[in-house]
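The structure appears below as structure tokens.
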Amino acid sequence: MVTSDAMTDLELARKVLETEAAAILRLVERLDERFEQAVTLLQECRGRAILTGMGKSGIICRKIAATLASTGTPAFFLHPAEAVHGDLGLADRDDTVLMLSRSGGTPELAALLPSFSRLGIRIVAISRPGSILAAASDVVIPLPDLPEACPYNLAPTASTTA
């Protein structure tokens, strides 16, 4: 016997999947030369790919770094808060940084930008166009403003999937 609570959960689960699928489909039409430029920067990188982001973006960065490392690209996750407290020494001028931030104004990421610039490290950002992060990056892959699957539009569900 199915309870009304189970139906509500089932309906919500379907809505979450539909919202996340729609977010991915929106990205398909948005892929352009900026994506190709980002891939080229990472392919031409003589050092390592450094991935960095705070909060849920950081979790996504950890996954991307692990995937890149699994496929033969030297990559690691650099926690931005730890970087500003000494771990920035892990970065080298031959590296390329991929920074993820939904807002593009995360203070911990913004604090890294002058150091990356001083070292001559190339930056690829997946973020909001017109943000602090976007302005300081060599290539920006714009993250569209997406409605989250969370019923309260709070938990980053669709945006982290995208």
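Each residue of the sequence shown is one higher than the last, beginning at 1 in the working numbering.
Here a beta-carbon is modelled for each residue, glycine too, at the ideal position from N, C-alpha and C.
For the region 91-118, the full-length beta strand (DSSP E) segments reaching 3 residues or more read 96-101 along the chain.
Under the three-state reduction of DSSP, V139 is assigned to strand.
In this structure R48 touches P74 by the C-beta definition: roughly 4 Å separates them, less than 8 Å. Following the DSSP letters along the chain, one finds I50 in no alpha helix (DSSP H) but inside the beta strand (DSSP E) bounded by residues A49 to T52.
With respect to S115, A125 sits apart: the two C-beta atoms are not nearer than 8 Å.
Per DSSP, the continuous beta strand (DSSP E) segment holding S127 begins and ends at R122 to S127.
About 5 Å separates the CB atoms of E108 and A81; that is less than 8 Å, so the two are in contact. Judged by DSSP in its simplified three-state form, A134 adopts helix. Following the DSSP letters along the chain, one finds A155 in no beta strand (DSSP E), marked with neither H nor E. If you look at A75, you'll find it in the beta strand (DSSP E) that goes A75 to F77. A check of alpha carbon separations from L51 across L112, H85 and A162 identifies L112 as the nearest. For E33, the uninterrupted alpha helix (DSSP H) run begins and ends at E33 to E44, by DSSP.
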